[in-house]
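Below is one structure; the comments refer to it alone.
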Amino acid sequence: MAFTVCDRAPFRADVVGSFLRPDKLKNARNLHRQGLLDAAGLKAVEDECITDLINQQIQHGLRGITDGEFRRSWWQLDFIWGLGGVKRVVTKKGRHFVGIETRAENAALEGKLSGKNHPFVEHFKFVKQFEAQGTGLQARQTIPSPAQTLSILLDVRGVDESSSWRDVYASEEALAEDVAAAYRQIYSDLYAAGCRCIQIDDCALTLLCDAQKVAQWGLNAQHLAELYVHTNNASLSGKQSDLTVTTHLCRGNYRSHFADQGAYDAIAPSAFAKENVDGFYLEYDDERSGSFEALQFIPHDKRVVLGIVTSKKPELEKLQDLEARVHEAAKFFPLDNLCVSPQCGFASTEEGNELTEAQQWAKVDLVVELAQRIWG
């Protein structure tokens with residue numbers, strides 16, 4: 260079969276979307292925070308760094324291009340702060356990851372949600388222009404999933420004791436409906452801007468794979484799984500047929516540390532079987548993710564991107580080992596609908612993972628070589 264069989268994302272060789280921030284961008288963001296560089300000056304640096312990044316993505320053989328999330332500090336919070344009715348808050352504690360705690364920031368409701376005039380639409384327009392630089396290139400917009408936004412506003416992880424959603428909404432279900440409606444607005448606006456590929460990143464559903472945390476926090480995993488899948492699907496109601504929406508299911512990625520663990524089996528009957536997305540980017544870089552058996556729940560008309568190369572560690576995996584893992588997964592899901600990628604981005608937050616830019620691109624090259632080796 261031809262390597263070009265995938266004419267739109269997910270591609271045979273793919274990435275989740277975020278990349279290590281170059282020093283020039285980090286310095287500009289620090290100056291901006293100190294009031295020494297205005298918004299226009301920061302944007303100029305962002306534009307320059309994103310242009311360089313996209314050129315590198317193309318040179319390294321990627322067809323799905325992103326802005327690397329260079330205009331964000333967080334993979335999820337910057338998006339949520341851009342919604343109407345949401346405010347940025349400083350919390351008493353950060354999110355707990357194994358071996359580390361994040362910066363202490365969060366999002367909270369201050370009114371009814373709205374997706375109008377979201378700043379990420381303008382961010383996408385900048386990336387869109389680079390599709391003209393090569394045949395088969397596709398600009399992708401990465402955003403947190405509706406379920407992720409809902410879980411943060413509900414404060415499921417218990418980060419913000421002053422969470423105020425009950426002051427605005429009478430029930431979780433009412434809040435979920437407005438989350439979905441806000442996303443429908445944003446999908447529509449992105450589509451009008453020329454976007455045909457959106458990736459929704461989701462750590463809310465994968466938290467439910469962690470039996471220890473579910474028990475410790477007294478979560479009703481079945482209820483939450485149903486609520487999250489319903490919210491994601493409601494956001495996709497009326498989606499244009501030529502708009503590809505995929506989801507990335509991850510267990511957390513902060514400075515090379517993870518948050519949750521547990522096999523996908525716990526959510527496979529709900530998320531894998533019932534979520535109306537076109538494809539799944541799945542974390543499978545170590546034993547925390549369990550076996551490939553859960554792939555059996557995914558309908559065979561969808562695509563699955565196996566995240567079997569880790570973005571957390573600099574050491575390169577062996578090509579032969581990776582190839583064997585793909586064929587192991589193919590026992591449970593058709594090889595023709597499989598793709599490969601790192602398990603997550605290289606910088607889910609601006610701090611980035613613990614590896615160098617050279618090591619990052621070596622990982623990308625390995626993914627491209629693996630895809631060519633398997634699919635030609």
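FYI, the numbering for the sequence shown is 260 to 635, going by this note's numbering.
Every residue, glycine too, gets a C-beta built ideally from N, C-alpha and C.
7 Å Cβ shell around residue i - same chain, five flanking residues per side excluded
i      : result
Leu284 : Val304, Glu305, Cys308 and Phe329
Phe338 : Phe379, Ile402 and Pro403
Lys384 : Ala452
Glu476 : Here residue 476 is Trp; the residue named in the question, Glu, does not match the sequence. Excluding residues within five positions, the ones whose Cβ falls inside 7 Å are Gly417.
Thr490 : Pro405, Ala406, Leu409, Ala435, Val438 and Ala439
Proximity to residue i [Cα-Cα], best of the options
i      : options                           : result
Leu413 : Tyr487, Ala440, Ile459 and Gln475 : Tyr487
Asp469 : Asp460, Ala484, Leu372 and Gln458 : Ala484
Ala366 : Trp334, Leu614, Gly358 and Asn376 : Trp334
Pro558 : Asp537, Glu542, Lys571 and Ser548 : Asp537
Ile457 : Asn512, Gln397 and Val626         : Gln397
His377 : Thr361, Ile313 and Tyr450         : Tyr450
Val438 : Lys384, Thr408, Ser430 and Ala588 : Thr408
Glu613 : Phe278, Phe270 and Phe531         : Phe278
Gly511 : Ala553, Leu466 and Tyr523         : Leu466
Arg267 : Trp634, Arg562, Pro405 and Trp620 : Arg562
Glu610 : Pro281, Val627 and Ile411         : Pro281
Leu495 : Tyr446, Thr350, Arg425 and Ala391 : Tyr446
Ser550 : Leu295, Ala522, Arg292 and Gly294 : Ala522
Pro593 : Gln392, Gln499, Leu581 and Leu565 : Leu565
Leu434 : Asp461, Ala363, Asp460 and Pro405 : Pro405
Asp580 : Glu431, Asn535, Val626 and Trp424 : Val626
Cutoff 8 Å; reference residue i; Cβ partners in own chain excluding five residues on either side
i      : result
His382 : Asp326, Arg330 and Gln400
Gly370 : Gly343, Gly344 and Val427
Ser373 : Leu342, Gly343, Gly344, Ala441 and Gln444
Phe517 : Phe356, Val357, Arg510, Gly511, Arg547 and Lys571
Counterpart residues of residue i in DSSP-defined beta bridges
i      : result
Trp333 : Thr608
Leu616 : Per the sequence shown, the amino acid found at residue 616 is Glu instead of Leu. BP columns for Glu616 are empty, so no partner.
Thr505 : Gln458 and Gly538
Ser600 : Gly566
Cβ shell of residue i (< 6 Å), same chain only, five flanking positions each side left out
i      : result
Arg547 : Gln520
Gly453 : Lys387
Asp448 : Val380
Tyr543 : Leu565, Gly566 and Ile567
Ser410 : Ala463
Outcome for residue i when other beta-carbon atoms lying within 10 angstroms are tallied against a minimum of 16
i      : result
Thr615 : exposed
Val504 : buried
Thr394 : exposed
Asn314 : exposed
Trp634 : buried
Arg347 : exposed
Ser500 : exposed
Leu578 : exposed
Lys622 : buried
The ligand HEM heavy atom lying under 7 Å from the CB of residue i
i      : result
Leu597 : The ligand HEM is not part of this structure, which contains no ligands at all.
Fill in: Stretch pair the segment 348-363 + the segment 317-329: three plus CB contacts closer than 8 Å
no
Worksheet item: Does the pairing of the segment 564-583 with the segment 597-611 give three or more beta-carbon distances under 8 Å?
Response: yes
Worksheet item: Does the segment 575-588 come within contact of the segment 517-532, defined as at least 3 CB pairs closer than 8 Å?
Response: no
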